[in-house]
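Here is the structure we will look at.
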Amino acid sequence: MRPYNRYLITLSAVLSLSTTVLAAYGVRQLDAYYSAYVIEALIVTLLFGYLHPRASRALNRVGYVLVAGFVLVVAIKVASILGVVRSQ
Amino acid sequence: MSRLGAYGSLGSTLVLGGTVFTLFAWLVISSIPLMALGISAVLVGIVALALSRSLPELPPEASVAVLQTGLENLSALVEELGLSSGALYLPSHLAGGTPHALIPLHENSAHPQIRRALPARLIASYGPAPEDVGLLVRTVGTTVLQLAQAPPGDSSAELESALKAALVGQFDLADAVLVYRDEHRVVVEISRPRLRERDLWICRSLGSPLASIVASFVAEGLDQSVMVYSEEWFPGKLRIVLEPVDAAV
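Chains as they are written, first to last, in my numbering: chain A, 302 to 389; chain B, 468 to 716.
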């Protein structure tokens, strides 16, 4: 299962790196972190497109959930800009 | 602990630990970066759980046992017949719908010229002369090709993509695959190959199982018969050179 291990290690390294960089730049918005995580997860999944079809399908399902969360974050952001909800 | 259990345990631990850490970072120390770190751990945990549900149902050891048995039986048959001539890998349209390998019964310097689709039988006549008879066998490559996600194309990039999907992604037999072509030959380099069986008699004809898989893919991709021209093992690398054989149907 080396490809799966490589995938997990790459994803963990990328997410840790982005957390460190964003924290170092003083980012204090949780939605910014989440957005970065979703984009990175999708890119890493795309790079590992040769995984077993069953694994690819499972990762795609995780991707749909992450994108749904991302859309929710964007929707809340838009709503806060429009003044529908109070910005934090 | 099985590998399925390992990924499941890792995923559960990360999801649980990440959730607790996120709540702690939020409620106790009010740190957004640490909350984000916890969320990233949950994300990796969810991915690990997803992967744990997509592991192959057949344990690798069982696959090896089946492969070894099949190869040894075929090897015994070929050894009894005293065959050691190089096999010709045929694309599916020349071998009854599935790619096969033809082992000529007579050794001579000329490559067999297959001019018509051969019937899918063990002993097949491939030419007009009485000695144009050979064994038409299914190989490891036949099965791998049938299980592949998509049929290979004829360009180097398409062959590389198909071989990488099969050898690296689907079967975990190597770390990387590189394909390039010169005027007459196709060269395939496999990094860190993990299927090293090459001492059986049958390997004199078919090449190693990895060479067999590669030859079947290349034959199918080019839609042309190919032979394993050479196979060189280096530390951490296998270099297979294939030679397409002109065939007119």
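Glycine included, each C-beta is placed from N, C-alpha and C at the ideal position.
- Assignment of A/Tyr-305 by DSSP, reduced to helix, strand and coil, places it in the helix class.
- Taking C-alpha positions only, B/Gly-485 is separated from B/Ser-551 by approximately 59 Å.
- Against chain A, the beta carbon of B/Gly-703 has no neighbour under 9 Å; the closest one sits roughly 14 Å away.
- Of the candidates B/Leu-534, B/Gln-535, B/Leu-673, B/Leu-673 places its Cα closest to the Cα of B/Leu-569.
- Less than 8 Å separates the beta-carbon of B/Leu-603 from that of B/Ala-591.
- DSSP, reduced to helix, strand and coil, places B/Glu-625 within a helical segment of the structure shown.
- DSSP places B/Ser-507 in the uninterrupted alpha helix (DSSP H) bounded by 499-519.
- Under DSSP, B/Ile-590 takes part in a beta bridge, and its partners are B/Leu-602.
- Its Cα nearest to that of B/Leu-544, the residue B/Trp-668 stands out among B/Trp-668, B/Ala-682, B/Leu-612, B/His-578.
- Within the segment 501-529 of chain B, contact with chain A at the beta-carbon level (separation under 8 Å) is assigned to Met-502, Ala-503, Leu-504, Ile-506, Ser-507, Leu-510, Val-511, Ile-513, Val-514, Ala-515, Ala-517, Leu-518, Arg-520, Ser-521, Leu-522, Pro-523.
- For A/Val-363, the residues of chain B that pass the 8 Å Cβ criterion are Ile-513, Val-514, Ala-517, in the order they occur in the chain.
- Residues of the segment 610-631 of chain B with a C-beta atom less than 9 Å from some C-beta of chain A are Gln-616, Ser-628, Lys-631, listed in chain order.
- Following the DSSP letters along the chain, one finds A/Arg-355 inside the alpha helix (DSSP H) bounded by residues 354-383.
- Contact of B/Val-607 with chain A is not assigned, every C-beta pair being separated by 8 Å or more.
- Burial state of B/Thr-536 is exposed, judged by a 10 Å Cβ sphere holding fewer than 16 other Cβ atoms.
- Cβ atoms of B/Arg-588 and B/Ser-623 stay farther apart than 8 Å, at about 34 Å.
- The segment 634-679 of chain B is shown to contain whole alpha helix (DSSP H) runs of 4 or more residues at 669-673, in chain order.
- Sixteen is the threshold: since fewer than 16 other Cβ atoms of the shown chains lie within 10 Å of the Cβ of B/Phe-701, the residue is exposed.
- Look at B/Gly-472: its C-beta is not under 8 Å from any C-beta on chain A.
- The beta carbons of B/Gln-691 and B/Pro-676 sit no closer together than 8 Å.
- Distance from the CA atom of B/Arg-605 to the CA atom of B/Glu-524, rounded to whole angstroms, is 24 Å.
- For B/Val-635, the nearest beta carbon of chain A is closer than 8 Å to its own beta carbon.
- B/Pro-595 sits in coil when the DSSP states are folded into three classes, being neither helix nor strand.
- Counting the other Cβ atoms within 10 Å of the Cβ of B/Ser-530 gives fewer than 16, which makes it exposed.
- Interface with chain A (8 Å Cβ-Cβ cutoff): B/Ile-581 is excluded.
- If you draw a straight line from the Cα of A/Ala-337 to the Cα of A/Arg-358, it is about 22 Å long.
- In this structure, the straight-line span from the alpha carbon of B/His-651 to that of B/Val-693 is close to 11 Å.
- Contact check for B/Ala-682 and B/Tyr-556: beta-carbon distance about 4 Å, within the 8 Å limit, so the pair qualifies.
- In chain B, no part has a C-beta under 7 Å from the C-beta of A/Ser-381; the shortest such distance is about 17 Å.
- Not a single C-beta of chain A is nearer than 8 Å to the C-beta of B/Ile-496.
- Uninterrupted beta strand (DSSP E) stretches at least 3 residues long and entirely within the segment 517-575 of chain B occur at 555-557, 567-571, given in chain order.
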